[in-house]
Structure formats: C-alpha cells, structure tokens
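**Q** Below: one structure in structure tokens.
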Amino acid sequence: MPRPNPLQAVLDRQTARPPEPEPVTPPPPAKFHRPVRDGRRFMGGHFAPKTVKAMQFLAVEEDTTIQALLEEAIDLLMVKKGKGRIIHE
C-alpha cells in the first residue's frame, strides 16, 4: 500500500476551505467643513514664540481674534504701500 503524500494532503485541505471573505474597509470619514471659511484661503507664517504670545495677549485685551488682528495689520500695510484698503466693512 503506498504511503500518503503529506504535501497532497495539505493541498487538499487548502482547497476544501471556503474562501475567506474580503476585508470590509470602512468609508473614509467625512471632511470637517467650517462654513465661515467659505470663499476664503489660508495664508500663514512662522513667527517667534515671543511674537505669537504678544498677538495672543493683544487679542485677549482687544476681545478679538488673532485672525482679525492680522487682517487689520495687512489692511494697514496695504494702505501704507499705496494699494488701498482690503477690508470692506
């Protein structure tokens, strides 16, 4: 009687298994949307920690945001350079 082939036994077991289901990938999370940013573009820079802290303190003292302070500063710069006002209230 011939001996059973161990490799053939492994192959037989592999083909007898039901196929494994495809892994289910969750849909990507929805991107967070801030309506207040509609129609706006990001413009930023890297500043020394001392400058950042001064802006933060000024924003608190003025009860406003750093963004509003930067917008005011850019508006003043444009006027100084002869480009006119950019803030239209």
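Our numbering applies: residue 792 is where the sequence shown begins, and numbers increase by one.
Note that beta-carbon positions come from the ideal geometry of N, C-alpha and C, so glycine has one too.
No experiment lies behind these values; they were computed from the predicted model shown.
Give the single residue among ARG808, ALA821, LYS874 and LEU861 whose Cα lies nearest to the Cα of THR842.
**A** The count along the sequence shown starts at 1 and reaches residue 842 at position 51. Ranking the options by Cα distance to THR842, first place goes to LEU861.
**Q** Any beta carbon of chain D sitting closer than 8 Å to that of LYS874?
**A** You won't find chain D in this structure, because it holds only one protein chain.
**Q** If we call anything under 8 Å between Cβ atoms a contact, is THR856 one with ALA864?
**A** In the sequence shown, residue 856 corresponds to position 65, counting from 1. In the sequence shown, residue 864 corresponds to position 73, counting from 1. No, these two residues do not count as a Cβ contact at 8 Å.
**Q** Could you check the C-alpha separation between VAL801 and ARG794 for me, to the nearest Å?
**A** The residue labelled residue 801 in the question sits at position 10 within the sequence shown. The residue labelled residue 794 in the question sits at position 3 within the sequence shown. Straight-line Cα distance between these residues: approximately 15 Å.
**Q** Which runs of the beta strand (DSSP E) fall wholly inside the region 829–866 and span at least 3 residues, in chain order?
**A** With a minimum length of 3 residues, no continuous beta strand (DSSP E) run stays inside the region 829–866.
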